[in-house]
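**Student:**
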Amino acid sequence: MAAITFDHVHLRTVDPEAMAQWFERVLGAEVLRSVEQGKPRIDLKLGGMKIFVAPVTEGDGVAPPPALPCRGLDHFGLFVEGLDAVAAALKQKGVVFTKEPHSPRPGIRLCFIQGPENISIELLERSPVRA
1 MAAITFDHVH
11 LRTVDPEAMA
21 QWFERVLGAE
31 VLRSVEQGKP
41 RIDLKLGGMK
51 IFVAPVTEGD
61 GVAPPPALPC
71 RGLDHFGLFV
81 EGLDAVAAAL
91 KQKGVVFTKE
101 PHSPRPGIRL
111 CFIQGPENIS
121 IELLERSPVR
131 A
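In this text, residue positions in the sequence shown follow the UniProt record's numbering: the first is 1, and each later residue adds one.
(1) From what residue to what residue does the alpha helix (DSSP H) around D84 run?
(2) How close, in whole Å, do the beta carbons of K45 and L27 come, if the pair is a contact with beta carbons under 8 angstroms?
(3) Tell me the rounded alpha-carbon separation between S103 and L124.
(4) Beta carbon of I42, beta carbon of P16: below 7 angstroms?
(5) Can you name the residues that DSSP bridges to H102?
(6) Mind checking who H8 pairs with in its DSSP beta bridge?
(7) Of the choices F97, A63, T57 and V53, whose alpha-carbon is the least far from that of S120?
(8) So, with DSSP's three-state summary, where would you put L124?
(9) Is the beta carbon of P101 less than 7 angstroms from the beta carbon of L83?
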């Protein structure tokens, strides 16, 4: 079988600029603006991941986002160090937490935040489990 590697996440939004600005301001994403086929394009670089931000317009046939939790893509996770300090900084920026920082099992500390248009984002910190 051929090697498979991760390439990107694709987000659709009614306001690509606001989406990009949120990811830049809140999570430190790098915003890359270009023109593709005569139309503006916004891509983000975040933690080694590419995020494509595509516009949604009225009547284009794109369904509204589902209520969470849902089948299919539920959220994406971002690794952080010092989760509690990161969470405190995000709270100062007014970020909404859908699950506060907690440790569901040894070696894992996580929380969930609400991104633009109800995108669910997990922040995760891993530490070695001692026997």
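The C-beta atom is built at its ideal place from N, Cα and C for all residues, glycine as well.
**Tutor:** Based on what the coordinates show:
(1) Position 84 of the sequence shown, counted from the first residue, corresponds to residue 84. Note, D84: alpha helix (DSSP H), L83 to Q92.
(2) As a first step, residue 45 must be located in the sequence shown, where it is residue number 45. As a first step, residue 27 must be located in the sequence shown, where it is residue number 27. In fact, because the Cβ distance is near 11 angstroms, the residues do not count as touching under 8 angstroms.
(3) As a first step, residue 103 must be located in the sequence shown, where it is residue number 103. As a first step, residue 124 must be located in the sequence shown, where it is residue number 124. So the two alpha carbons sit approximately 10 angstroms from each other.
(4) In the sequence shown, the residue the question calls residue 42 occupies position 42. In the sequence shown, the residue the question calls residue 16 occupies position 16. In this structure, P16 lies closer than 7 angstroms to I42 by Cβ.
(5) Here residue 102 is taken as the residue at index 102 of the sequence shown, counted from 1. Partner(s): L110.
(6) Your numbering for residue 8 matches position 8 in the sequence shown. According to DSSP, which records beta bridges pairwise, H8 is partnered with K50.
(7) Taking the sequence shown and counting its residues from 1, the one referred to as residue 120 is at position 120. Of the listed residues, the one whose Cα sits closest to S120 is F97.
(8) Numbered from 1 along the sequence shown, position 124 holds the residue referred to as residue 124. If DSSP states are grouped into helix, strand and coil, L124 belongs with the strands.
(9) Stepping through the sequence shown from its first residue, residue 101 is reached at position 101. Stepping through the sequence shown from its first residue, residue 83 is reached at position 83. Against a cut-off of 7 angstroms, the Cβ pair of L83 and P101 comes out as a contact.
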